[in-house]
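Below is one structure, written out as structure tokens, with a few remarks after it.
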Amino acid sequence: MVEIKLHNSKTRKKEVFTPINSDNVRMYVCGPTVYDRAHLGNARPVVVFDVLNRLLRHVYGEDHVTYVRNFTDVDDKINATAKARKDAGAEGTMEELIAARSDETIKWYLEDMEELGAREPDHMPRATQYIEQMIAMSQDLIDKGHAYAAEGHVLFAVDSYKKYGALSGRSVDDMIAGARVEVAPYKRNPMDFVLWKPSDENTPGWDSPWGKGRPGWHIECSAMAFELLGETFDIHGGGNDLQFPHHENEIAQSCCAHGEDTFAQYWLHNEMLQVEGKKMSKSLGNFFTVRDLLDQGTTGEVIRYVFLQTHYRKPMNWTELKADQATKHLSNYYRLLADLGRTYWEDETRSGIVADEFVSALADDINGSLALHHLHDLAKEARSKRNFPEKVKPLLERLHGALVLLGFNPAKSEALWFFIETDEKDLLGTNETGPNIGVFGWVGISEIEKGVLFRVGRKWWELRTQGQYNLADELRDEILSLGLMLEATKNGAQVKAPKPVSMEKLEPLL
RNA sequence: GGCGAGUUGGCGGAGUGGUGACGCAGCGGAUUGCAAAUCCGUGUACACGAGUUCGAUUCUCGUACUCGCCUCCA
Numbered sequence: 040m041v042e043i044k045l046h047n048s049k050t051r052k053k054e055v056f057t058p059i060n061s062d063n064v065r066m067y068v069c070g071p072t073v074y075d076r077a078h079l080g081n082a083r084p085v086v087v088f089d090v091l092n093r094l095l096r097h098v099y100g101e102d103h104v105t106y107v108r109n110f111t112d113v114d115d116k117i118n119a120t121a122k123a124r125k126d127a128g129a130e131g132t133m134e135e136l137i138a139a140r141s142d143e144t145i146k147w148y149l150e151d152m153e154e155l156g157a158r159e160p161d162h163m164p165r166a167t168q169y170i171e172q173m174i175a176m177s178q179d180l181i182d183k184g185h186a187y188a189a190e191g192h193v194l195f196a197v198d199s200y201k202k203y204g205a206l207s208g209r210s211v212d213d214m215i216a217g218a219r220v221e222v223a224p225y226k227r228n229p230m231d232f233v234l235w236k237p238s239d240e241n242t243p244g245w246d247s248p249w250g251k252g253r254p255g256w257h258i259e260c261s262a263m264a265f266e267l268l269g270e271t272f273d274i275h276g277g278g279n280d281l282q283f284p285h286h287e288n289e290i291a292q293s294c295c296a297h298g299e300d301t302f303a304q305y306w307l308h309n310e311m312l313q314v315e316g317k318k319m320s321k322s323l324g325n326f327f328t329v330r331d332l333l334d335q336g337t338t339g340e341v342i343r344y345v346f347l348q349t350h351y352r353k354p355m356n357w358t359e360l361k362a363d364q365a366t367k368h369l370s371n372y373y374r375l376l377a378d379l380g381r382t383y384w385e386d387e388t389r390s391g392i393v394a395d396e397f398v399s400a401l402a403d404d405i406n407g408s409l410a411l412h413h414l415h416d417l418a419k420e421a422r423s424k425r426n427f428p429e430k431v432k433p434l435l436e437r438l439h440g441a442l443v444l445l446g447f448n449p450a451k452s453e454a455l456w457f458f459i460e461t462d463e464k465d466l467l468g469t470n471e472t473g474p475n476i477g478v479f480g481w482v483g484i485s486e487i488e489k490g491v492l493f494r495v496g497r498k499w500w501e502l503r504t505q506g507q508y509n510l511a512d513e514l515r516d517e518i519l520s521l522g523l524m525l526e527a528t529k530n531g532a533q534v535k536a537p538k539p540v541s542m543e544k545l546e547p548l549l
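Residue numbers (my numbering): 40 to 549.
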């Protein structure tokens, strides 16, 4: 059994990970509040914990891991959008409009995260589906003397939990001293937080022992983790901005309801994503969405690769340069993998060979950067032995396996398939045997665009073989200026288009 | 103000108690009609100060700077 080490925020140390039950390793990750498109910062924990999920499944077995990630669909920003739509004349009740907004946003989120190669968790509970459990848990906390009802609210009494603040290393007194928030008069202690709050006609509400209302933010994760993973489970993850107060409050609620030392045993927190050295956040307004990047032609795999380069506990700066380098690396790997041939890739049962060095890298507190460097070394070795097919094949299978472990999917990459396809036959559909023109296109390239790229490559090759070097060089310069890459090999030419290219500009060159 | 994290070459970014991966860029070479790709070779770095040690970039303390949390946020 591979020994996995994880940095546990609870102890602030890297610890050997020992699951409570290795037949069912349980992980809960705080998911998004579904009020709009996910910004790039939202994607970082998704990728980080996706890699961990893959590692755990590799080590403990595909069916021996339970991964839960929630959707927070009780939120004032969702309500606001629903209200705005209603005011603008949208059909339906407020409840329906709220649900429609959440449904729409969840759909976007899942589509965008799939582009990043993130597997869907086993359970993706929505807060609105667990209101009953949240009410029950709040009542239980009142019964046990850890919470109290006041003016239609239910509040958690932080004084009732001695360890409050342990996760984030804060003392209640210090926080009160430095608090910048106005304290509601019904709170016994200024740090007491809301489990339940009253709703008016403009906000969604559910009947409860304390009147019509809705849950506070923190209680949902405690209730859903309990329902789906039990009192005690292995890993709880999320962004480090959630450490306080969200995770602190989750611990207080769950441990007071279910007992000391219950709830998560290992807490993992990813650092924030930065843009120009500043945290990407809503209040700074310096964010862009995953969809924005995808629409600009940066593939999800490139985003994943860039994320993997920086250790999850360090701030990561997103830059164009990194995206360009990642594009280049991935394209090189896929081009190498094409050498495994069509027969290999057509067999869907193949997933490559997972070499130990990659597992070790990830097992050392998810060191994605190190894994990527191993990837590079492996590719280098494979390239150097390219003229010895029997030696190269196992190396490429390891490259394949490593990419899969890291969450890339070369078998489904259109870029790879396109390369194999055009490398072996004339894309124009004629039977003539011609030069070997390889084309390496971006994901989602159309048949027509493939044909244009192919003809561009063939024309360049023909000019070269005819000795018309001036014309060939002229054509090459124009092609390069459009962002394409060209390579001459012994038997033909290769055209690489990592990003979408305007066909209107390419066609006149033919 | 309280708490926490970080500071490695031109840029990015690992790692280590015994002088420091790797990638990109640069430079030199092989190759090429010229390129590209590939291969080979190559220079510069561990914020600053003190301490522990035979020896620290790696451990401890201090200083500076950066960033985060304390407010919706991943």
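Think of the CB as a built atom: it goes at the ideal place given N, C-alpha and C, for glycine as much as any other residue.
Asked	Found
Determine whether the beta carbon atoms of GLU240 and SER261 lie at a separation below 8 angstroms.	no
Measuring CA to CA, which of TYR351, GLY380, VAL341 and ALA377 is closest to LYS361?	VAL341
Look up ARG494 in the DSSP assignment and say whether it is helix, strand or coil.	helix
Between the C-alpha atoms of GLU526 and ILE476, what's the straight-line distance to the nearest angstrom?	10 angstroms
How would you write the range of the alpha helix (DSSP H) that GLU159 sits in, first residue to last?	Careful: GLU159 lies outside any alpha helix (DSSP H) and carries neither H nor E.
State the DSSP-derived secondary structure class of ILE405, mapped to helix, strand or coil.	coil
What would DSSP say about ILE484, mapped onto helix, strand or coil?	coil
Can VAL329 and ASP151 be called in contact, C-beta distance under 8 angstroms?	yes
For ASP404 and VAL393, what's the separation of their Cα atoms in angstroms?	18 angstroms
Does the stretch 231-251 come within contact of the stretch 186-193, defined as at least 3 CB pairs closer than 8 angstroms?	yes
Counting pairs of Cβ atoms below 8 angstroms between the stretch 42-55 and the stretch 366-375, do you hit three or more?	no
To which residues does DSSP link LYS44 through a beta bridge?	VAL55 and ASP403
Check for me: the alpha helix (DSSP H) holding HIS297 runs from which residue to which?	287-297
Helix, strand or coil, according to DSSP, for HIS413 in the structure here?	helix
What is the rounded straight-line gap between the Cα of ALA138 and the Cα of PHE88?	27 angstroms
Work out the CA separation of TRP384 and PRO449 for me, nearest whole Å.	9 angstroms
Output the boundary residues of the beta strand (DSSP E) element that contains PRO254.	252-254
Thinking C-alpha only, which one of MET311, ILE274 and GLU501 is nearest ARG108?	ILE274
Considering only residues of the same chain and omitting the five flanking positions on each side of ARG422, which have a CB-CB separation below 8 angstroms?	LEU375
If you draw a straight line from the C-alpha of TRP147 to the C-alpha of ASN81, how long is it?	13 angstroms
Do you know whose CA, among GLY250, VAL64, ASN325 and GLY184, lies nearest ALA291's CA?	GLY184
On a Cα-Cα basis, can you pick out the residue from ASN92, VAL211, LEU149 and GLU259 that is closest to GLU25?	This structure does not reach residue 25, given that the chain is present from 40 up to 549, and the question cannot be answered.
Taking DSSP as the reference, what is the three-state secondary structure of THR575?	Residue 575 lies beyond the stretch modelled for the chain, which goes from 40 to 549, so this question has no answer here.
Short of 8 angstroms in beta carbon distance, which residues of its chain neighbour LYS251, apart from the five on each side in sequence? Order them along the chain.	PRO237, SER238, GLY244 and TRP245
Checking the sheet assignment: what are the DSSP bridge partners for VAL64?	VAL104
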